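Residue numbers (this note's numbering), protein chains in the order written: chain A, 213 to 338; chain B, 226 to 332.
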């Protein structure tokens, strides 16, 4: 059974760095073909994909957030992380992590997200 | 970035009715399209992938179609539990992008 769960600070001040953790079970990010992504949802901008990290440590970022994003993983503890620097009120959103990866019956990659965490709300306010 | 234009933004339909939601991509996405359902206070759930493949466990009244730049989600025989917001997502190119959503309500 695949589950994911996000955790974060809840509230932080403008210019601070956001650190998010995605704890998951039912799969491993050390397994060939696996991927975890981060997506956020705000009332103003809808759903916005942020970053992906693959089992081989390949990383992809949304260029709209320029150099503010860093994604990483801890395979031994089944966790993925996202840091966003220089947070602004516009970054107030619910942040989700989700799984993507490979269909092992066919060894074909898939890039949609088949399992999502419940999300963690992050408010940026002074 | 590939722009995903979803329509309508909101929709009111009766139980048992058939509903169609459209998604238009700004360029050919070669059927690399997913549909998600999101209920209030919950995370999105995958319904359809590769434009027309039904995710395991999703009722067969949901179906997807389309190719190139035009895609649609069809819900046959609308049920009360289908009240939700529906999103499309393209994964043909990074950055992945989503439609703005269609809020489906009961008439």
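Cβ coordinates follow ideal geometry from the N, Cα and C atoms, glycine included. Note that the coordinates shown come from a computational prediction; the quantities given were computed from them, not determined experimentally.
| Item | Value |
| --- | --- |
| If residue 336/A and residue 226/A are in contact, beta carbons under 8 angstroms, what's the gap, nearest whole angstrom? | 6 angstroms |
| Along chain A, in chain order, which residues have C-beta atoms closer than 8 angstroms to that of residue 322/B? | 261 |
| Output needed for residue 251/B: all residues of its chain with C-beta closer than 8 angstroms, excluding positions within five of it in sequence on either side, in chain order. | 227, 228, 229, 230, 294 |
| Within the chosen definition, does the segment 273-282 of chain A reach the segment 234-252 of chain B through at least 3 CB pairs nearer than 8 angstroms? | no |
| My output table needs one value for residue 289/A: the three-state DSSP class, helix, strand or coil. | helix |
| Count the other CB atoms, across all protein chains shown, that sit within 10 Å of the CB of residue 237/A; report buried if there are 16 or more and exposed otherwise. | exposed |
| Return the residue from the list 310/B, 256/B, 237/B that minimises the CA-CA distance to residue 296/B. | 256/B |
| Do the segment 312-319 of chain B and the segment 258-270 of chain B make contact, defined as three or more Cβ pairs closer than 8 angstroms? | yes |
| According to DSSP, which residues form a beta bridge with residue 294/B? | DSSP lists no partner for residue 294/B. |
| Would you please verify whether the beta carbon of residue 236/A is less than 8 angstroms from any beta carbon of chain B? | no |
| Quick one: is residue 234/B buried, meaning 16 or more other Cβ sit within 10 Å of its Cβ, or exposed? | exposed |
| Residues bridged to residue 264/A by DSSP? | 249/A, 272/A |
| What is the DSSP secondary structure of residue 305/B, reduced to helix, strand or coil? | helix |
| When you compare only the Cα positions, how much space is there between residue 267/B and residue 319/A? | 31 angstroms |
| Between which two residues does the beta strand (DSSP E) holding residue 215/A run? | 215-219 |
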